[in-house]
Structures are given as C-alpha cells and as structure tokens.
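Under my numbering, the first residue of the sequence shown carries the number -3, and numbering increases by one thereafter. Notes to accompany the following structure.
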Amino acid sequence: MNFDNDLEFNKTEEDIVGVYIISVAARLMEMHPQTLRKYDRAGLVRPSRTVGMLRLYSDADLVKLRIIKRLVEHYGINLAGVSLILDLVEILTRILQHTEEQNEINWIEKNDKIEKMINMALKEISYI
C-alpha cells in the first residue's frame, strides 16, 4: 500500500490551516456527508466542533479522510480494519519520531566526544 505522504495525520497548529464544514469537506472528498458522520461516530476521524456543535474538518482531517477512503474503496477494508491500520500507523509514526530524536541525540553526543578529543589532541600538540 502506498499512501504517498498521507500517513502523517497528527494534527499540529500548522496542519490546521483551513477548516471546512461537513458539506464542504464532503464535496472536497467526493463523499456523502453521512459517510463523514459515520466515520466520526466510528472514531476514525475527529473533527473539531463549533459552539453550536457543527463539525469543522481541518486539512489534517481531510488527509486522514483520503486515507480512509482509499482503504475502504480500493482495498475493501472494513471500518474495524481501517481503525486498526490507523492506530498502527499512529504508533509507528511515534516510534519513528522517537527513533529520529534518539539518533539526533546520539549524533550530538558523538560530535561532542569528537570535539573533546580534538581539543585534547590540540592541547597536547601545543605542549610539544
């Protein structure tokens, strides 16, 4: 399964650029509004709500809806399977982020050690 760059659907402030009411989101996704409500009830996508309880779909929500649509329509996966896949993707994304952070920390630590070794070597050379 190739989802291009759609797999990153964790909402950040940068992701929530546009917000769309359900009718606009449904039109953009070429889905029926009732389908979006069904996905909300199933917990697959959680749009923000206005004070009047209108659903507001962010750009990140639309990315997630695109993934759901592809899984359901192209691969025939049921909603329980979609939920499992989305949960696994979220877990794997967190693991990847943690791994990248650890690699960066390790790289910084190695750089610090190398810098200390170079400084020690330079001090020894200057004493000769």
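The beta-carbon is built from N, C-alpha and C at its ideal position, and this holds for glycine as well. All values reported here derive from a predicted model rather than from experimental measurement.
What separation, rounded to the nearest whole angstrom, lies between the Cα atoms of I91 and L82?
-> 14 Å
With 8 Å set as the bound, which would you pick, yes or no: does the beta-carbon of L82 sit closer than that to a beta-carbon of chain D?
-> Looking at the structure shown, chain D is missing, and only one protein chain is on hand.
Is it buried or exposed for A22, if we count other Cβ within 10 angstroms and need 16 for buried?
-> buried
Taking the DSSP output, what are the residues bridged to S54?
-> V15
Cβ pair count under 8 Å reaching 3, the segment 55 to 65 against the segment 23 to 38 = yes
Return the chain-ordered ranges of every alpha helix (DSSP H) run that is complete within the segment 51 to 108 and spans a minimum of 4 residues.
-> 55 to 71
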